[in-house]
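Everything on this sheet refers to the single structure shown next.
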Amino acid sequence: MPTQNLFLETSPALYLYEWTKNFPAGPQAEPRINPTELGAPSAWVDQLFPPSLPHEPLTPDGDPFTTSLRSSLDTLSFRRSVRNYADTPLTRAELAQFLALCYPSQVADPGYQPDPLPHQGLKPTPGHITGCRLFPLVLNVEGLASGVYYYDERQRHLRHIRVEDPMPFVQEHFFQAEFLAAPVMLLTLGSVSDYLLRYGDRGYRYMLFDVGLLLQRMYLVTSCLDLSGCTTGSLVQGAFEQWLGVDGFQGSVLKAFAIGHKIVDEDEEMKNGS
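Counting in the numbering used here, the sequence shown runs from 4 upward without gaps.
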């Protein structure tokens, strides 16, 4: 019989994941500080990347929730993971509409206040993912300089993080070459520290739930706009964190999501009479 506890010999992430399961004798979602002292769930971003950084507006043309959208049924029917992209750039307007649709319409209302503890209680929410944030790596977008940005969905603007072409770094630190053709890669970042403060031992699990919901929303948005998109974990997360200037705890790179135009199939063109 082994004398050591093999479960405790596993990775810390697996231990944390198992220990925070919601079983009767397990730890529940108890904040580590008084809930009245909690700021907005996205406040950790402002601490790492201050709002005083240069930014530029990214306002959609017209109402992003009614302009050139597929029906709900078609959106669900055509949801796909697509790893190849046409060599045409996205337009600034297309990126603006995509990012706006990643969040519910309420976020543009100045009077709207996001719930600081959306995972506690049974009150309905609009589905606003606040703890995990989007950082677009702009590689090929008409009217927008290449670089790394943070998307502020309340102000609908892009905050400059790194003003340089990300492609050399992406080429070195992505494992799947097919994603290099995407005009935009969206990094999802979360703060383990902030989630633990808000939800105690269950914070890590809630962060994983949130990033999963955000990725699924991006899949539906790409389908709704007739774009191609795919999520990937094939990136060197530690290298990206160092590149962005985060430590993996206060800010952590979780996943990436590639978007771009579809490659039109020749057989499909003939079928449509093009």
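Idealized CB from N, CA, C, for every residue including glycine. Since the structure is predicted, the reported quantities are computational estimates derived from the model, not experimental observations.
Three-state class that DSSP yields for residue i in the structure shown
| i | result |
| --- | --- |
| A261 | strand |
| V267 | coil |
| F177 | strand |
| R165 | strand |
Pick from the options that is closest to residue i, judged by C-alpha positions
| i | options | result |
| --- | --- | --- |
| I262 | D77, F212, F52, S84 | S84 |
| T78 | Y209, M221, Q253 | M221 |
| T186 | L142, G114, L200 | It should be noted that the sequence gives Pro, not Thr, for residue 186. If we check each option's Cα against that of P186, L142 comes out closest. |
| N37 | C135, L199, V166, T62 | L199 |
| W47 | A242, L190, G251, S194 | S194 |
| V214 | H131, G146, V110, L120 | H131 |
| D49 | R162, H122, Y202, D204 | R162 |
| P129 | V173, D118, F138 | D118 |
| Y111 | I164, F68, P92, L217 | Residue identity check: residue 111 is Ala in the sequence provided, not Tyr. Nearest C-alpha to A111: F68. |
| Q109 | R82, T91, L147, R157 | R157 |
| L218 | G146, L98, L257 | L257 |
| C105 | V267, H264, T225, S255 | T225 |
| V267 | Y209, L238, T191, T91 | T91 |
| L120 | P127, Y202, Y207 | Y202 |
| Q116 | G42, M210, L238 | G42 |
| E40 | G248, D197, H264 | D197 |
| L247 | G114, T191, F260, L223 | T191 |
| F81 | A99, T234, L223 | L223 |
| T234 | F178, A259, V144, H264 | A259 |
| L98 | P127, Y207, V144 | V144 |
| H122 | L211, S255, D66, L238 | L211 |
Integer Cβ distance of residue i from residue j, believed to fall under 8 Å
| i | j | result |
| --- | --- | --- |
| A103 | P63 | 5 Å |
| Q253 | L125 | Actually they do not touch by this definition, with Cβ atoms about 30 Å apart. |
| G236 | G251 | In fact, because the Cβ distance is near 15 Å, the residues do not count as touching under 8 Å. |
| P169 | L140 | 5 Å |
| F243 | H160 | Not confirmed; about 23 Å, so no contact. |
| I164 | F138 | 7 Å |
| L147 | R95 | 5 Å |
| P54 | G134 | Incorrect: roughly 18 Å between the Cβ atoms, too far for contact. |
| Y188 | V166 | Contrary to the premise, residue 188 reads as Met rather than Tyr in this sequence. Actually they do not touch by this definition, with Cβ atoms about 17 Å apart. |
Residue i beta carbon near the ligand SAH (any heavy atom closer than 7 Å)
| i | result |
| --- | --- |
| T191 | The ligand SAH is absent from the structure shown, which contains no ligands of any kind. |
Within the segment 195-248, note down every full beta strand (DSSP E) run reaching 3 residues or more, in order along the chain. 231-235
Take every Cβ of the segment 53-70, pair it with every Cβ of the segment 151-164, and state whether three or more of those distances are shorter than 8 Å. yes
Those runs of the beta strand (DSSP E) which lie wholly inside the segment 115-150 and span at least 3 residues: 136-141
For the segment 70-84 against the segment 227-237, do three or more pairs of beta-carbon atoms, one drawn from each stretch, fall closer than 8 Å, so that the two count as touching? yes
3 or more residues per run - each beta strand (DSSP E) lying fully within the segment 36-91: 58-60
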